[in-house]
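Residue numbers (this note's numbering), protein chains in the order written: chain A, -4 to 243; chain B, 1451 to 1527.
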């Protein structure tokens, strides 16, 4: 977004001070990708070194990580039922990754990569492909097409099937679009708001950081949107399993 | 009025209208969920999960308006 105030991160600072260097421009063009890779590396290292020592009674970081994974596992199983165990690694990675990316924008000199549409669309496409794979795997291609036609059972059902088919296709396609845009819109809005308040603090209040209370709001939005993204992915997986209602 | 100023006037208005409707919908959804939790606090986990799904679906309508806004923003040039 051009022309909007933005809290600087170390890459924009580098570009600002070394604007004649070619590598600063390259760094700036790859800004979001660099930040998302940094976060992925950070998370991998934390989880690798946090769980390296296998103890019977975990302490410190190990304890926290186990608590995190266990809580999330119970959450997924609560939505998907006991069969949901195998989706925990995918959904958990998604949740922790998005949460860290959202909260990263609140740390000075860092930026949320999720405030760029490219990153959120990539995440949504991953979820979309996985859900379509599960659809075909669980129902078979014929079963999936039957499901897309609205599962007609009688003559009336078959008559409105041509009407149902485009609607169901539109539903499937609109899912990744809304997933990506919801995350992007919320995080970008938060970033722009922080930028405006920081600018106002600098120009009107002699560098007083009046954006601080809004950073707590950003904390809330970040956790909320990560949860919503993961929860919706969980629901899409749940809907891809046929006859999900019979278990209840 | 040329096309660009018409777009510049209409798109924020449309976004505001979409946010208005989505706000009413979200308010109703959260109201129902809170009342349900008040009546049955032990089911709060399930109610909150379902409320977030519903809220996300309502929010999708406002997001469609945001897409239109971005498309129109590209046309305003």
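We put the beta carbon where it would ideally sit given N, CA and C, even for glycine.
No experiment lies behind these values; they were computed from the predicted model shown.
- request: Return the first residue and the last residue of the alpha helix (DSSP H) that residue 26 of chain A is part of.
  value: Along the first chain, one-based indexing puts residue 26 of chain A at 31. Run containing residue 26 of chain A: 26 to 45, per the alpha helix (DSSP H) assignment.
- prompt: When the cut-off is 9 Å and only beta carbons count, does residue 180 of chain A lie next to chain B?
  reply: In the first chain, residue 180 of chain A corresponds to position 185, counting from 1. By this cut-off, residue 180 of chain A is an interface position.
Beta-bridge pairing of residue 133 of chain A - partner residues as DSSP gives them: For the purposes of this step, residue 133 of chain A is identified with residue 138 of the first chain, where counting begins at 1. Beta-bridge pairing links residue 133 of chain A to no other residue.
query: Sorted by chain position, which residues of the same chain lie with C-beta nearer than 6 Å to residue 1454 of chain B's C-beta, five sequence neighbours on each side aside?
result: Counted from its first residue, the second chain places residue 1454 of chain B at position 4. Within the same chain, residue 1454 of chain B has close Cβ partners 1526.
- request: Run down chain B in chain order and give the residues with a C-beta less than 8 Å from the C-beta of residue 73 of chain A.
  value: What you label residue 73 of chain A is simply residue 78 of the first chain in a count that begins at 1. Those within 8 Å of residue 73 of chain A in chain B are 1495, 1496, 1499.
Interface residues of chain B facing residue 230 of chain A [CB-CB closer than 7 Å]: What you label residue 230 of chain A is simply residue 235 of the first chain in a count that begins at 1. What residue 230 of chain A touches in chain B: 1503.
query: Do residue 180 of chain A and residue 1516 of chain B come within 9 Å of each other at the CB atom, strictly closer than that value?
result: Here residue 1516 of chain B refers to the residue found at position 66 of the second chain. Here residue 180 of chain A refers to the residue found at position 185 of the first chain. Contact flag set, yes.
- prompt: If you check the beta carbons only, do residue 116 of chain A and residue 225 of chain A fall under 9 Å apart?
  reply: Counted from its first residue, the first chain places residue 116 of chain A at position 121. Counted from its first residue, the first chain places residue 225 of chain A at position 230. No, Cβ-Cβ distance for residue 116 of chain A and residue 225 of chain A is not below 9 Å.
- prompt: If you count every other CB in all the chains shown that lies within 10 Å of the CB of residue 245 of chain A, and 16 or more means buried, which is it?
  reply: Only positions -4 to 243 of chain A appear in this structure, which leaves residue 245 of chain A out of reach.
field: Beta carbon of residue 1480 of chain B nearer than 9 Å to that of residue 1458 of chain B
entry: Here residue 1480 of chain B refers to the residue found at position 30 when the second chain is read from its first residue. Here residue 1458 of chain B refers to the residue found at position 8 when the second chain is read from its first residue. Contact: no.
- request: Closer than 8 Å by beta-carbon distance: list the chain B residues that pair up with residue 177 of chain A, in chain order.
  value: Residue mapping note: residue 177 of chain A aligns to position 182 of the first chain, counting from 1. Near residue 177 of chain A (Cβ distances below 8 Å), the residues of chain B are 1506, 1509, 1510, 1513.
- prompt: Is the beta carbon of residue 187 of chain A within less than 8 Å of some heavy atom of the ligand PLP?
  reply: Within the structure as shown, the ligand PLP is missing, as the structure has no ligands at all.
query: Run through DSSP, which three-state label would residue 15 of chain A get?
result: Position 20 of the first chain, counted from the start, is the residue given in the question as residue 15 of chain A. Residue state, collapsed to three classes: coil.
query: If you draw a straight line from the alpha carbon of residue 58 of chain A to that of residue 48 of chain A, how long is it in whole angstroms?
result: Counting from one through the first chain, the residue named residue 58 of chain A turns up at place 63. Counting from one through the first chain, the residue named residue 48 of chain A turns up at place 53. Computed Cα separation, rounded: 11 Å.
- prompt: Is the beta carbon of residue 227 of chain A less than 9 Å from the beta carbon of residue 174 of chain A?
  reply: Position 232 of the first chain, counted from the first residue, corresponds to residue 227 of chain A. Position 179 of the first chain, counted from the first residue, corresponds to residue 174 of chain A. In this structure, residue 174 of chain A lies closer than 9 Å to residue 227 of chain A by Cβ.
message: Let me make sure I understand the geometry here. Which of A/182, A/102, A/152 has the alpha-carbon closest to that of residue 3 of chain A?
response: Your numbering for residue 3 of chain A matches position 8 in the first chain. Answer by Cα proximity: A/102.
- prompt: Name the chain B residues that come within less than 7 Å of residue 253 of chain A, Cβ to Cβ?
  reply: In the structure displayed, chain A extends from -4 to 243; residue 253 of chain A sits before or after that span and is not available.
task: Below 8 Å CB to CB, which residues in the same chain sit around residue 13 of chain A once its five sequence neighbours on both sides are set aside?
output: In the first chain, the residue the question calls residue 13 of chain A occupies position 18. So the qualifying residues of the chain are 19.
query: So which residues of chain B does residue 223 of chain A contact, with C-beta pairs closer than 7 Å?
result: Numbered from 1 along the first chain, position 228 holds the residue referred to as residue 223 of chain A. Result: 1502, 1506.
task: Leaving aside the five residues before and after residue 123 of chain A along the sequence, list all residues of the same chain whose C-beta is less than 6 Å from its C-beta, in chain order.
output: In the first chain, residue 123 of chain A corresponds to position 128, counting from 1. Excluding residues within five positions, the ones whose Cβ falls inside 6 Å are 171.
query: Per DSSP, which one or two residues make a beta bridge with residue 104 of chain A?
result: In the first chain, counting from the first residue as 1, residue 104 of chain A sits at position 109. Bridge partners of residue 104 of chain A: A/4.
- prompt: Helix, strand or coil: how does DSSP classify residue 1451 of chain B here?
  reply: Counting from one through the second chain, the residue named residue 1451 of chain B turns up at place 1. Of the three classes helix, strand and coil, the one that applies to residue 1451 of chain B here is coil, per DSSP.
field: For residue 183 of chain A and residue 110 of chain A, believed in contact at Cβ under 8 Å, the rounded distance
entry: If you number the first chain from 1, residue 110 of chain A lands on position 115. If you number the first chain from 1, residue 183 of chain A lands on position 188. Confirmed, Cβ separation roughly 5 Å.
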